[in-house]
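Student: Submitted below is the structure of interest, expressed as structure tokens.
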Amino acid sequence: MKTKSQKSKILATSSMLGQSKAQVKVQQMAFMLIAVTLFFVLVGMFVLLIVFSGLRETASLLEEKNALFLVSKLSNSPEFSCGEAFHRTRVNCIDSDKAMVLRDHIGKYSDFWGVSGI
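With my numbering, letter number 111 in the sequence shown gets 116, and the count goes up by one each step, no holes.
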């Protein structure tokens, strides 16, 4: 038969085993939570990479479009336009004499077109 001391050792050991099983389950749960979080972070980064992949191309196209718009705006302004110099109205034509005179008085027109430098 088992003595009281042996029974108490067995009970103590079995309760310790129960605690270690619970600790293992807690560790497994913590590991799974970290793994799931890491998975969703990686998926989110992949989605952001796909969404922003064409951002540079879009930005360069927008800069080019704005530059063309500014050139068209400048060339069609009365300060630069050729008018009827070639016996017909021309689009995107700049009169060089007007540009030379404007260059001499550029301080008066510094904020006229809304750009920092031309």
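Even glycine gets a Cβ: it sits at the ideal position worked out from N, Cα and C.
#1: Take the Cβ of Ser101 as the centre, count every other Cβ of all protein chains shown within 10 Å, and call the residue buried at 16 or more, exposed below.
#2: Secondary structure at Ser86, three-state DSSP: helix, strand or coil?
#3: Which term fits Ser3, buried or exposed, when burial requires 16 or more other beta carbons within 10 angstroms of its beta carbon?
#4: Taking the continuous alpha helix (DSSP H) assigned at Asp109, which residues delimit it?
#5: Just verifying my parser: in three-state terms, what is the DSSP assignment at Phe57?
#6: Roughly how many angstroms lie between the CA atoms of Cys87 and Cys98, to the nearest whole one?
#7: Phe117 by DSSP, collapsed to three states: which one?
#8: Note down the Cα distance separating Ile39 from Leu67, rounded to an integer number of angstroms.
#9: If you draw a straight line from the C-alpha of Ala27 to the C-alpha of Val41, how long is it?
#10: Are the CB atoms of Lys103 and Phe117 within a distance shorter than 7 Å?
Tutor: Taking the structure as given:
#1: exposed
#2: strand
#3: Residue numbering for the chain in the displayed model covers 6 to 123; residue 3 lies beyond these limits and cannot be assessed.
#4: 101 to 109
#5: coil
#6: 6 Å
#7: coil
#8: 42 Å
#9: 21 Å
#10: no
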